[in-house]
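In the working numbering, the protein residues as written are 13 to 345. Taking it in order: structure first as structure tokens, then the write-up.
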Amino acid sequence: MKFRQMLQTLIAASALIGLSHPLMAADAEWKFYTYFGAKDKPTTLHREFAEDVSKATGGRLKISVFAAGELPYKASDVLRVVAGNQIQIGDVALGFVAGDVPELNALSMPFSCTSVDKFYDKAVPAVGPVVSKVLLEKFKVNPVMHWSMPPQQLWLAKPVAGIDGLRNLKVRSWNREQAEMMRLVGGSGVTITPAEVVPALQRGVVDGAFTAAVPALDWKFNEVTKFGFMFNLTLAHQVMAVNQAALDQLPADVRTIFLAKAKEWVPRYRSEIIKADINARKILVEKGMTLRDATPEEEKKLRAVTQPIADEWAAKTGDVGTQMLKAAIQACS
13 MKFRQMLQTL IAASALIGLS HPLMAADAEW KFYTYFGAKD KPTTLHREFA EDVSKATGGR
73 LKISVFAAGE LPYKASDVLR VVAGNQIQIG DVALGFVAGD VPELNALSMP FSCTSVDKFY
133 DKAVPAVGPV VSKVLLEKFK VNPVMHWSMP PQQLWLAKPV AGIDGLRNLK VRSWNREQAE
193 MMRLVGGSGV TITPAEVVPA LQRGVVDGAF TAAVPALDWK FNEVTKFGFM FNLTLAHQVM
253 AVNQAALDQL PADVRTIFLA KAKEWVPRYR SEIIKADINA RKILVEKGMT LRDATPEEEK
313 KLRAVTQPIA DEWAAKTGDV GTQMLKAAIQ ACS
């Protein structure tokens, strides 16, 4: 009888403890979507970040990362689906969502910022507050982390001797600025989703593609291109965007941990992407590709040829865009 009474007492006490700590039985579950492929370097980083958050919160915030093809979204959709809380976190490339927030696309302007170190150390502090203000006001989305892919290069099926060799070439461009650059040098830009780039190169639909060295290796460009024209056109300004309502609904201590982790992981993204860029270039050369840096004269010519792109963009986007572009250029110069 005494044993039964003790057992009942323990059960009752356990129930009271559970009631006083309802979060132990009420985990928050978030979806995190990235347009990168399942095995791409950024996706790997996102998964490691999500696992770290889950561990740090004792499983109270579980984040499931979905890569390209695992949810029915394109890169240009990500900001809107985060705003609609269809997913709680999105990997947003501001160049891809320029139709939604054109005034935030400053770093897509040719040569506005081409240094990863200056991006983190100077550009983000300069433009970050503007990005936060616009995304929160327009979409109720909070950019809890800024990160960057390495500089965008041009990967071609056949070598070219210089800028004049780009004439009449058709190149996959993932934003308007890249397509306009090709037009200004006598070629043309074609919009193709990341998943379609390699098939388009295989079939000869395009002569080349813009992307950074890291995805060029991830997507096995060495099998469909032979030449990398390395002129560091732009960086890809990425933000880890979170639905603000979902963030507000987290218990205060869990929200604090999540935001601290986002801040803590910025140096990790920075160092991992830089290492991945160095490694990708090395491996691509080992696999038979030729990578050629643009000469100072070629870069000077490209800067002059592409200047109207930034001028036109600034005129269209008004004060916010103009100030953001000016801040980015000053920070990265």
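C-beta atoms are modelled at their ideal positions from N, C-alpha and C, and glycine is treated no differently.
DSSP-derived helix/strand/coil call for residue i
i    : result
I99  : coil
S345 : coil
A248 : strand
M242 : strand
A253 : strand
K43  : strand
R280 : helix
L229 : helix
V77  : strand
D305 : strand
T237 : coil
T69  : coil
T329 : helix
Candidates the options, of which the one nearest residue i by Cα
i    : options                : result
L271 : A253, S283, E284       : A253
Y132 : G111, E149, V113, S160 : S160
P227 : Q165, L73, A68         : Q165
E189 : L245, D176, P137       : L245
K86  : V183, D103, N97        : D103
C344 : V113, F61, N97, A138   : A138
K150 : K182, V94, G177, A169  : V94
Q214 : N255, K170, S200       : K170
M336 : V90, R92, V146         : V146
R59  : A274, K238, A135       : A274
T302 : K134, V172, A50        : V172
A288 : P84, V128, G71         : V128
T307 : G174, V236, E298, V183 : G174
A257 : A118, S185, K152       : K152
Q100 : D305, I341, L73        : L73
For residue j and residue i, believed in contact at Cβ under 8 Å, the rounded distance
i    : j    : result
A248 : A224 : 7 Å
S76  : K43  : 6 Å
F241 : L314 : In fact, because the Cβ distance is near 10 Å, the residues do not count as touching under 8 Å.
T69  : T55  : Rounded, the Cβ-Cβ distance is 21 Å, inconsistent with contact.
T329 : P114 : 5 Å
A221 : V209 : 5 Å
Below-8 Å beta-carbon distance, residue i vs any chain B residue
i    : result
D260 : Considering every chain present, this structure includes no chain B. It has just one protein chain.
Open item on the list: Please give the ranges of any alpha helix (DSSP H) in the region 154 to 221, keeping only runs that are unbroken, at least 4 residues long and fully inside the region.
Closed with: Within the region 154 to 221, complete alpha helix (DSSP H) segments of at least 4 residues are found at 188 to 196, 206 to 215, given in chain order.
Would you list, in sequence order, the uninterrupted alpha helix (DSSP H) runs of no fewer than 4 residues that lie entirely inside the region 78 to 146?
Secondary structure within the region 78 to 146: the alpha helix (DSSP H) runs of 4 or more consecutive residues, fully enclosed, are 90 to 95 (chain order).
| said: Whether or not the region 118 to 126 and the region 304 to 322 are in contact is what I'm after, with contact meaning three or more pairs of Cβ atoms, one per stretch, closer than 8 Å; do they touch? | reply: Enough Cβ pairs lie closer than 8 Å, so yes.
*Pairing CB atoms from the region 69 to 84 with CB atoms from the region 274 to 286, are three or more of them under 8 Å?*
By the criterion of at least three beta-carbon pairs nearer than 8 Å, the region 69 to 84 is not in contact with the region 274 to 286.
_Inter-stretch contact at 8 Å, needing at least 3 Cβ pairs: the region 188 to 202 / the region 134 to 142_ = The region 188 to 202 is not in contact with the region 134 to 142.
query = Can we say the region 97 to 111 touches the region 296 to 316, given the rule of at least three CB pairs closer than 8 Å?
reply = Too few Cβ pairs lie closer than 8 Å, so no.
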